[in-house]
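Written below as structure tokens is the structure these notes are about.
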Amino acid sequence: MPKMKTKSSAKKRFKVTATGKVVGGQAGKRHGMIKRTTKFIRDARGTQVLSEPDQKLAKRYMPYDR
Numbered sequence: 004m005p006k007m008k009t010k011s012s013a014k015k016r017f018k019v020t021a022t023g024k025v026v027g028g029q030a031g032k033r034h035g036m037i038k039r040t041t042k043f044i045r046d047a048r049g050t051q052v053l054s055e056p057d058q059k060l061a062k063r064y065m066p067y068d069r
């Protein structure tokens with residue numbers, strides 16, 4: 004069997020923690036910050052743990068990061 008390939012887009016966007024959870028950047032901060040509340044901008048800093056269904060997809064893209 005040939006080796007499975009990791010999706011380049013996934014390895015740039017996601018990181019798997021030591022406990023196996025997938026961490027990614029917060030959505031909704033690319034543009035349109037004027038209309039967003041200050042609380043939203045503050046809460047959307049940094050990274051967050053992906054939801055279970057999204058983690059399942061991201062792990063499928065990164066077979067060797069489990």
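Going by this note's numbering, the sequence shown opens with residue 4, and the numbers climb by one from there. All C-beta atoms, glycine included, are put in the ideal place defined by N, C-alpha and C.
- Bridge pairing for T50: G28 [DSSP].
- At the C-beta level, V19 and D57 stay beyond 7 Å of one another.
- When secondary structure is reduced to three states using DSSP, K18 falls in the strand class.
- Around the Cβ of F17, a 10 Å sphere holds 16 or more other Cβ atoms; the residue is buried.
- Between G28 and T9, the gap from beta carbon to beta carbon reaches 7 Å or more.
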